[in-house]
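Student: For the sequence shown, counting from 1, position 364 maps to 364 in the UniProt record's numbering; every step adds exactly one.
Ideal Cβ placement from N, Cα and C applies to all residues, glycine included.
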Amino acid sequence: QVFTFNTVVIKVQPSVKVRNGAPMSITCHADISKSTDFQLKYNFTIFKDRKLVFMTVSDTGNARYEIPVAKSSDTGDYQCTVKADKKIRSSDPIHIWVAGMTKPILTADKRDVLEGEVVKLRCELPEEEPPLQFCFWKIKTNSTPKETCVSESYTNFSVLEFSVEEGDHILQFVCFGRRNVKLEWEESAHSNKTLVTVREPFIKPTLTTVPSSNITEGDQIQFECSTAVVRMHDIEIILQKNKTILNSVQDRKLLRYSTVATLEDSGEYLCKVEQGGASKTTKLNVVVSELFPKPTLVASMTNLDKNKELILNCSINGFQTANFSIIRKNSNGDIPLKSSQTLKMRVNVNDTGSYTCKAEVKGIVKESKPVRINVYAPVSKPTLSVAGGLPEVVLGKPLQLICHSVMGTPPKTFRFYKGNKVEKIVINDTYATFLDKNISLNDKTGYKCDAKNNHSSGVKTSDILNVTVIVPVRDASLGSVPYGEVEDGSETAFLCSVKEGSWPILFRFFKKTDHEVLLFEKVEHSDRAMWHKKTMKRQDTGTYYCVASNRANVDVRSRPITISVILAAWKKGVIAALLLVTIAGAGALALWWFLRRKKKAKGPSMEMSGSALAANSTSEKLTRQPSDGDYYSGSGYIEDSENHMRSTDESKGPDLESAEVEYTEVEVSTLDPHRAPVQKGTETVYSEIRKANN
């Protein structure tokens, strides 16, 4: 029994968009192929937004989920899963939208409230599922509704509190709901209107002054603020001017406040009555006429030298009779200097500061505007230095100069000169800096600076500063004499040189190994340095390079050179002579040994040749007749014998070659005088007889 799922399809009737309250049915169909006609059990499961909503078992490939009355909460993504035997197949999801929302229900916790109280409203969508958005409308008579919206993620209702404000008499409230479906907002119908009546807890306050007009500085002025209330509990009256609370009372209907009028008392006053959340205000503008103008403080000089005389004078325009005092302002409090209209003093640097004067008429005290007095000590002669310390700069890098004047009252004006040209002007307290970016090798002009302040002594100028321009080292190269191959034990000179660079220059010589090895270093007031290595050894073979640097702190490395230490010529001659002597000695020894062995082999060899020759001669006598005086020489016989033996020896191969050789001297006897010509003397023949080892 073999089967397979072809497709699983989910459908909705009447359509994927259904009106709220209409019937709806969801059908799931499984298309299956079988090898034979046999019965299968189908387990159908329908999910909405991945949550199980329907399950059934069927003998056919179809299942139906009926929803008699569709609600907006039925909106969602539906999917069908079919299980048969051990096989499972799911359909593609389908989105169903139940359009239209139920009408919300709005309730209020109270229908009659006082100004300042709070109304709590509850808007509910009974048949809807969150998330939802609720919007409330607060409608005043003859005004545009004020809307407030709240999102609810977990409930189908929302509660909102509204404060009843001043001027709210009859209020109407309405709410409606929204939900988001596939990035589209769907809105419900509006709820029923809820009516709320508002009553005043107290009347608007009244604010008056005594006297009501023609108020002059020094007059006594009294403020009164009153109201009428429904209930006295928690009532509060507050008097303000420019947001500053002047006085307040609680659980009373009247507030009083008195003060001596000054010019600063002119302005707008506010009386505020509060009870709970309710608040009512009344404003009143008060004008106070000036009794006398503010005094004026005049200084003989505002900028003056140390130890000079300063005169301060305080006066009031149109007034002569007043109590004057001159004061120095201080962060820790005012310092009275003199209760007089005029003050004379010889000033010091510490007298720099702000001064005012005060005048009093009929108890009214007024203060003048402050006058700034600056006392100057002369500047000291400035010093000009390089920021790095030494009066030098690397070519191509900026030069930073510092002009410093220790003494003198700030602010000071500093001017920097390169030669006689002003390069920069800086205003600072004690020092100033100048950055020269245009440094060239041909700069021969010196630098200087001057400083001044407002002291009458004028400008002080520094000494001229001459700056050395350091040229960085460039293009280092290394050479050697001899170059390339050096004889063992000989002297080698290494020369490291640079194309340019300011002196002195530090030259360092290195040999390249697994790690850099410093061999020699030297400081030269020159563009080159020489290193003599007295004795070169075989282990000195390798790669060498040099590094050059000066006060510019830039290391320049040369290209490496390779040195090979070879054997000295005289050592080669000694070795060759020793080899020749050795070879000659070995040859002489071999020759001596050869002759000695040959001499030992003469005796036995000749005896054997003589015996053979005698036998042959006898046989010759018996068998051959003489003819024309010819004869056989014994030497010919011996040669035949030697040839025969030599061939025999050669045929025997290595065994006979390794056999012992003996040499024997033999005498050959003369032939019969009747048969052959007479031969005088003896004839010596050498024959080799090889004795095998066996």
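1. Run through DSSP, which three-state label would Gln539 get?
2. Within 8 Å (strictly less), CB to CB, does Arg64 reach chain C?
3. For Lys146, count the other beta carbons within 10 Å of its own beta carbon; 16 or more makes it buried, fewer makes it exposed. Which is it?
4. Does the region 275–283 come close enough to the region 346–366 that 3 or more CB-CB pairs lie under 8 Å?
5. Bridge partners of Gly177, per DSSP?
6. Does the Cβ-Cβ distance between Ile505 and Asp475 come in under 8 Å?
7. Bridge partners of Asn428, per DSSP?
8. Helix, strand or coil for Ser658, going by three-state DSSP, please let me know.
9. Contact between the region 249–258 and the region 283–299: three or more CB pairs below 8 Å?
10. Could you tell me the distance, in whole angstroms, from the CA atom of Arg231 to the CA atom of Ser163?
11. Mind checking who Val98 pairs with in its DSSP beta bridge?
12. By a C-beta neighbour count over all protein chains shown, 10 Å radius and 16 as the cutoff for buried, is Asn438 buried or exposed?
13. How far does the beta strand (DSSP E) with residue 768 in it extend, from its first residue to its last?
14. Could you round the C-beta distance between Tyr376 and Asn323 to whole angstroms and report it? I think they count as a contact, below 8 Å.
15. Can you tell me which of the three DSSP states Val473 falls into?
16. Tell me, which residues are paired with residue 710 by DSSP?
17. Quick one: is Asp168 buried, meaning 16 or more other Cβ sit within 10 Å of its Cβ, or exposed?
18. With a threshold of 8 Å, are at least 3 pairs of Cβ atoms found where one atom belongs to the region 483–492 and the other to the region 551–566?
19. By the 10 Å Cβ neighbour count, where 16 or more other Cβ atoms means buried, how is Leu207 classified, buried or exposed?
20. Run the CB neighbour count on Gln320, radius 10 Å, all protein chains shown included, and call it buried at 16 or more, exposed below.
21. Got a sec, what are the start and stop residues for the beta strand (DSSP E) Gln400 sits in?
22. Entirely within the region 272–324 and at least 3 residues each: give me those beta strand (DSSP E) ranges in chain order.
23. Pick from Leu297, His29 and Ser35: whose alpha carbon is nearest that of Gln1?
24. Express the C-alpha separation of Glu166 and Val12 in angstroms, rounding to a whole number.
25. Quick one: which unbroken beta strand (DSSP E) runs of 3-plus residues sit fully inside the region 514–579? Chain order, please.
26. Straight-line CA distance for Pro382 to Arg372?
27. Considering only their Cβ atoms, is the gap separating Thr433 from Leu401 smaller than 8 Å?
28. I want to know whether the region 173–191 touches the region 117–126 - three or more CB-CB distances under 8 Å.
29. To which residues of the same chain is Asp31 closer than 8 Å at the C-beta, ignoring the five residues directly before and after it?
30. Less than 8 Å separating the beta-carbons of Gly100 and Ser279?
31. Let me know if Ser647 comes out buried or exposed under the rule of 16 or more other beta-carbons within 10 Å of its beta-carbon.
32. Using a Cβ-Cβ cut-off of 8 Å (strictly less than) and excluding sequence neighbours within five positions of Arg19, which residues of its own chain qualify?
33. Decide if Trp185 is buried, meaning its Cβ has at least 16 other Cβ atoms within 10 Å, or exposed.
34. Between the region 526–546 and the region 502–516, do three or more beta carbon pairs fall short of 8 Å?
35. Quick one: Cα of Tyr417 to Cα of Asn428, how far?
36. Report the rounded CA-to-CA distance for Pro211 versus Lys193, giving the unit in angstroms.
Tutor: So, from the data block:
1. Note: Gln539 maps to helix in three-state DSSP.
2. Absent here is chain C; the protein component of the structure consists of one chain.
3. It is exposed - the Cβ of Lys146 has fewer than 16 other Cβ atoms within 10 Å.
4. As far as the Cβ criterion goes, the region 346–366 does not touch the region 275–283, which means the pair count is below three.
5. Gly177 is bridged to Phe134.
6. The Cβ-Cβ distance between Ile505 and Asp475 does not fall below 8 Å.
7. Asn428 pairs with Lys412.
8. Confidence in Ser658 is poor, its pLDDT being 38 and thus under 50, which makes the residue's placement too unreliable to answer from.
9. Of all C-beta pairs linking the region 249–258 to the region 283–299, fewer than three are shorter than 8 Å, placing the two stretches out of contact.
10. A direct Cα-Cα distance of roughly 20 Å separates Arg231 from Ser163.
11. According to DSSP, which records beta bridges pairwise, Val98 is partnered with Val18.
12. Counting of Cβ neighbours within 10 angstroms places Asn438 among the exposed residues, the total staying below 16.
13. This structure leaves residue 768 out entirely; the chain is present only between 1 and 694.
14. Separation of the CB atoms of Tyr376 and Asn323 is rounded to 34 Å, and the pair is thereby denied contact status at 8 Å.
15. DSSP places Val473 in the coil class of the three-state scheme, outside both helix and strand.
16. Not covered by the structure: residue 710. The range shown for the chain is 1 to 694.
17. By the beta-carbon neighbour count (other beta carbons within 10 angstroms, threshold 16), Asp168 is buried.
18. Yes, they touch.
19. Classification of Leu207: buried, given that the 10 Å Cβ count is 16 or more.
20. Gln320 should be labelled exposed.
21. Note, Gln400: beta strand (DSSP E), Leu399 to His404.
22. Those beta strand (DSSP E) runs which fall completely within the region 272–324 and span 3+ residues are 278–286, 296–299, 303–305 and 309–315.
23. When each option's Cα is compared against that of Gln1, the closest is Ser35.
24. Cα-Cα distance, rounded: 56 Å.
25. If we require 3 residues or more, the beta strand (DSSP E) runs fully inside the region 514–579 come out as 517–524, 528–533, 542–549 and 561–566.
26. Cα to Cα, the separation comes out at about 28 Å.
27. With respect to Thr433, Leu401 sits close: the two C-beta atoms are nearer than 8 Å.
28. Per the Cβ contact rule, the region 173–191 is in contact with the region 117–126 (3 or more Cβ pairs under 8 Å).
29. Phe5, Asn6, Thr7, Val8, Val9 and Gly61.
30. Result no, Cβ atoms of Gly100 and Ser279 do not sit closer than 8 Å.
31. Confidence is the limiting factor: at Ser647 the pLDDT is only 37, short of 50, which leaves the residue's position unreliable, though a coordinate-based value still follows. Residue burial annotation: Ser647 is exposed, with fewer than 16 other C-beta atoms found within 10 angstroms of its C-beta.
32. Answer for Arg19: Ala70, Val98, Ala99 and Gly100, listed in chain order.
33. The residue is exposed, with fewer than 16 neighbouring Cβ atoms inside 10 Å.
34. Touching, yes, given that three or more Cβ pairs across the two stretches are closer than 8 Å.
35. C-alpha of Tyr417 to C-alpha of Asn428: approximately 17 Å in a straight line.
36. A direct Cα-to-Cα measurement between Pro211 and Lys193 gives close to 53 Å.
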